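Residue numbers (the UniProt record's numbering): 1 to 468. All C-beta atoms, glycine included, are put in the ideal place defined by N, C-alpha and C. Owing to the predicted nature of the structure, the values given are computational and were not obtained by experimental measurement. Heads up: the structure comes next, in structure tokens.
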């Protein structure tokens, strides 16, 4: 009955007929793919890309239509011939690893690897947000795992979508399954994509999952030397191959280069993904995770990574770093501060927040000779509260400079350049993390009771209310 209701829509009828044709074509093309005929690769790639358009959200395909199309495709079992084609052999060249390089294996058959990527893109969109499709694909995840570690083949994102926001599948995740991805990071090198893979297992629609939080944090800390990157310092070339051009570089060097724009294997992106992953492991009310992370990431270290992001080892500040690159790096550290400290009910964490240096104030000036108005302006050194106030003030200025009526969302502003920086979306995300952190902090009086008022530029704090 449900299928009949779906076919009441003209677009659904077109898709139903297309799946009939697609299944027949994929079946007939299989033998030609085995024979490595170029025209078979071209025809198969074109066919699957056309089907992918049905389940790709956009102006012409809204979320409800995507859901209907996913149901039609899975009902017609179109996934099965595509998964069957993934059983074609994809030979790999492991010679770089044999030389000691921490690199992915090259596929010996480039056309087949490119076709497999088309398949994985289709399957990722097929299962996204659809429990029925996720449960259908779940039993063949082991087939996908065979292709992890191949250069220019993104399998991890497809596997993550199979589990995302699905309680029934997340409960079946075993430690050994997650351990494999930790092992691949150690074997193939640091890839941010493989860290982001774990994020799908840490929450269900924004609600933390305690079981997988504990599992993933255990694996990260157990393999911290190889996997956890708290400083993004590669001056000694740790976890890099002998020929890697980034050996000898620090986080500041990578920020100056905007290295996070690299299409593959960005170390700066890996560093930020690592900090964000640690924060997600401690989010919510997971007191044990917060306690485990407190000695690993002391509040003083977190503050230094937010305030001294652009400070070189000799104490000088690097002025060649784009504002949004700085905020890209600071954002996960603010989240970590929130999830490990600001949201913690532990007495030690609370005491630390009350007395730690540079959270509430820097080094205060004497204030002698100031007028009453001047005394309302903070004159101390850098501190978290001033950093937050200044970042929000600048964000207000940037947003006011945008066209009137424009919707303010990070994804809507991704990559937008202006007079301040190269990516306004990053600043919006940073501002959102700041607001979340302050909201949590100031709703619990025990975390700031007794802290001396230092007059943090009231005009700046007030202006943050203007953010839409």
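By DSSP's criteria, residue 113 is part of a beta bridge. Which residues make up the other side? The residue you call residue 113 lines up with position 113 of the chain shown. None; residue 113 has no bridge partner.
Mind checking whether residue 101 and residue 241 have CB atoms under 7 angstroms apart? If you number the chain shown from 1, residue 101 lands on position 101. If you number the chain shown from 1, residue 241 lands on position 241. Between residue 101 and residue 241, the gap from beta carbon to beta carbon is short of 7 angstroms.
What do you get for residue 341, buried or exposed, if any count of 16 or more other CB atoms within 10 angstroms of its CB means buried? Locating residue 341 in the chain shown gives position 341, where the first residue counts as 1. Burial call: buried.
Whole angstroms is fine: what's the gap from residue 392's alpha carbon to residue 208's? The count along the chain shown starts at 1 and reaches residue 392 at position 392. The count along the chain shown starts at 1 and reaches residue 208 at position 208. When rounded, the distance between both Cα atoms is 28 angstroms.
Tell me the residue span of the alpha helix (DSSP H) that contains residue 302. In the chain shown, counting from the first residue as 1, residue 302 sits at position 302. Per DSSP, the continuous alpha helix (DSSP H) segment holding residue 302 begins and ends at 299-307.
Residue(s) in a DSSP beta bridge with residue 234: Your numbering for residue 234 matches position 234 in the chain shown. Residue 234 pairs with 249.
With DSSP collapsed to three states, give me the class of residue 182. Position 182 of the chain shown holds residue 182. In the structure shown, residue 182 sits in a helix (DSSP, three-state: H, G or I).
Taking the CB atoms as reference points, tell me whether residue 323 and residue 431 lie closer together than 7 angstroms. Within the chain shown, the letter at position 323 stands for residue 323. Within the chain shown, the letter at position 431 stands for residue 431. No, the pair does not count as a contact, with Cβ atoms beyond the cut-off.
Please state whether DSSP places residue 203 in a helix, a strand or coil. Along the chain shown, read from residue 1 onward, the residue named residue 203 stands at position 203. Residue 203: strand per DSSP, three-state reduction.
Buried versus exposed, by CB contacts within 10 Å (16 or more), residue 361: Position 361 of the chain shown, counting from 1, holds the residue named residue 361. So residue 361 counts as buried.
Give every residue of the same chain whose Cβ lies closer than 7 angstroms to the Cβ of residue 29, excluding the five residues on either side of it in the sequence, and list them in chain order. Numbered from 1 along the chain shown, position 29 holds the residue referred to as residue 29. The answer, listed in chain order, is 40, 43 and 44.
Residues bridged to residue 311 [DSSP beta-bridge criterion]: In the chain shown, counting from the first residue as 1, residue 311 sits at position 311. DSSP output for residue 311 lists 317 as bridge partner(s).
Between the CA atoms of residue 297 and residue 470 - distance to the nearest angstrom: Since the first and last residues shown for the chain are 1 and 468, residue 470 lies out of range.
Between the Cα of residue 181 and those of 172, 171, 194 and 169, spot the shortest distance and give me the residue it belongs to. Taking the chain shown and counting its residues from 1, the one referred to as residue 181 is at position 181. Comparing Cα-Cα distances from residue 181 to each of 172, 171, 194 and 169, the minimum goes to 194.
Can you say whether residue 167 is buried or exposed, counting buried as having 16 or more other CB atoms within 10 angstroms of its CB? Start at 1 with the first residue of the chain shown, and residue 167 comes out as number 167. By the neighbour-count definition (other C-beta atoms within 10 Å, threshold 16), residue 167 is an exposed residue.
Is the stretch 265-276 touching the stretch 328-340 in the sense that three or more CB pairs, one from each, lie closer than 8 angstroms? yes
Measuring alpha carbon to alpha carbon, tell me which of 249, 220, 226 and 245 ends up nearest residue 234. Here residue 234 refers to the residue found at position 234 when the chain shown is read from its first residue. Answer by Cα proximity: 249.
Whole angstroms is fine: what's the gap from residue 404's alpha carbon to residue 62's? Looking up residue 404 in the chain shown gives position 404. Looking up residue 62 in the chain shown gives position 62. Between the C-alpha atoms of residue 404 and residue 62 there is a straight-line separation of about 26 angstroms.
Member of 52, 176, 232 and 174 whose CA lies at the smallest distance from the CA of residue 192: By one-based count along the chain shown, residue 192 stands at place 192. If you compare the alpha carbons of 52, 176, 232 and 174 with that of residue 192, the shortest gap goes to 232.
Using DSSP with H/G/I as helix, E/B as strand and the rest coil, what is residue 210? Reading the chain shown from its first residue, position 210 is the one you call residue 210. It is helical.
What number of angstroms, rounded off, separates the C-alpha of residue 78 from the C-alpha of residue 67? Against the chain shown, residue 78 aligns to sequence position 78. Against the chain shown, residue 67 aligns to sequence position 67. Using only the alpha carbons, I get a separation of about 15 angstroms.
Whole angstroms is fine: what's the gap from residue 462's alpha carbon to residue 309's? One-based indexing of the chain shown puts residue 462 at position 462. One-based indexing of the chain shown puts residue 309 at position 309. Below a pLDDT of 50, predicted positions are generally treated as unreliable, and residue 462, at 43, falls in that range; no measurement from the model is reported.
Specify the secondary structure class of residue 196 as computed by DSSP and reduced to three states. What you label residue 196 is simply residue 196 of the chain shown in a count that begins at 1. Look at residue 196 here: in three-state DSSP terms it is helix.
Residue 171, buried or exposed, once every other Cβ within 10 Å from all chains shown has been counted against 16: As a first step, residue 171 is located in the chain shown; it is residue number 171 there, counting from the start. Residue 171 comes out exposed.
At the 7 angstroms Cβ level, is residue 123 part of the contact set with chain C, yes or no? Note that chain C does not occur in the displayed structure, where there is just one protein chain.
By a C-beta neighbour count over all protein chains shown, 10 Å radius and 16 as the cutoff for buried, is residue 419 buried or exposed? Here residue 419 refers to the residue found at position 419 of the chain shown. Taking all protein chains shown into account, residue 419 has fewer than 16 neighbouring C-beta atoms within 10 Å of its C-beta and is therefore exposed.
What residue does the alpha helix (DSSP H) around residue 355 start on, and which one ends it? As a working note, residue 355 is residue 355 in the chain shown. From DSSP, the alpha helix (DSSP H) with residue 355 extends over 347-355.
Bridge partner(s) assigned by DSSP for residue 140: Counting from 1 along the chain shown, the entry for residue 140 is found at position 140. In the DSSP output, where bridge partners are listed per residue, residue 140 has none listed.
For residue 105, list the residues DSSP reports as bridge partners. Here residue 105 refers to the residue found at position 105 of the chain shown. Looking at the DSSP assignment, residue 105 forms a beta bridge with 150.
Do you know how far the Cα of residue 13 is from the Cα of residue 270? Translated into the one-based positions of the chain shown, residue 270 becomes position 270. Translated into the one-based positions of the chain shown, residue 13 becomes position 13. Residue 270 and residue 13: Cα-Cα distance of roughly 44 angstroms.
Cβ neighbours of residue 230 in the same chain (closer than 6 angstroms, five flanking residues each side left out): Reading the chain shown from its first residue, position 230 is the one you call residue 230. So the list is empty, once near-sequence residues are dropped.
Where residue 200 falls, given that 16 or more other Cβ within 10 Å makes a residue buried: As a working mapping, residue 200 is identified with position 200 in the chain shown. The residue in question, residue 200, is buried, as its Cβ has 16 or more Cβ neighbours within 10 Å.
Verify whether the separation of the beta carbon atoms of residue 157 and residue 124 is less than 7 angstroms. The residue given as residue 157 occupies position 157 in the chain shown. The residue given as residue 124 occupies position 124 in the chain shown. A contact, by the Cβ cut-off of 7 angstroms.
Where the alpha helix (DSSP H) through residue 70 begins and ends: Here residue 70 refers to the residue found at position 70 of the chain shown. Note, residue 70: alpha helix (DSSP H), 63-75.
From the DSSP secondary-structure annotation, give me the bridge partner or partners of residue 42. One-based indexing of the chain shown puts residue 42 at position 42. Answer by DSSP bridge pairing: none, since residue 42 is not bridged.
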